[in-house]
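Below is one structure; the comments refer to it alone.
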């Protein structure tokens, strides 16, 4: 499946719009990550535990979005965007959304 932040992926032509698709996940912080984050706040630097947590959440949200697009018969998702939100204390949602479409190679760009 083609995933693109563009409305029209280069080299392809959209022949059918199938609708909005989305995927989300809510993840909670881990005590071990919180302890390391507290130490990093003192000395500075990247909070790798949180970076990993958000990367995993983006991957899961993207997989769920792809599944929704596949269910509609799409072979691409265009105009993909991501959003995040805090859900209560210590949890965050990652949302992936875009437009499910059917594309074909565009001979004009070959």
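In UniProt numbering, the protein residues as written are 1 to 110. All C-beta atoms, glycine included, are put in the ideal place defined by N, C-alpha and C. Computed from a predicted model, the values in this text were never measured in an experiment.
{"Asked": "Which residues DSSP lists as bridging residue 20, in chain order", "Found": "99"}
{"Asked": "Cβ contact (3+ pairs, closer than 8 Å) linking the stretch 101-109 and the stretch 46-61", "Found": "no"}
{"Asked": "Neighbourhood of residue 25 by C-beta distance below 8 Å, restricted to the same chain and skipping five residues each side", "Found": "57, 60, 61, 64, 93 and 94"}
{"Asked": "Which residues DSSP lists as bridging residue 27, in chain order", "Found": "92"}
{"Asked": "Residue from 81, 105, 102 and 87 with nearest C-alpha to residue 6", "Found": "81"}
{"Asked": "DSSP beta-bridge partners of residue 14", "Found": "103"}
{"Asked": "Pairwise C-alpha distance: residue 52 and residue 83", "Found": "17 Å"}
{"Asked": "Buried or exposed by the 16-neighbour rule on C-beta atoms within 10 Å, applied to residue 66", "Found": "buried"}
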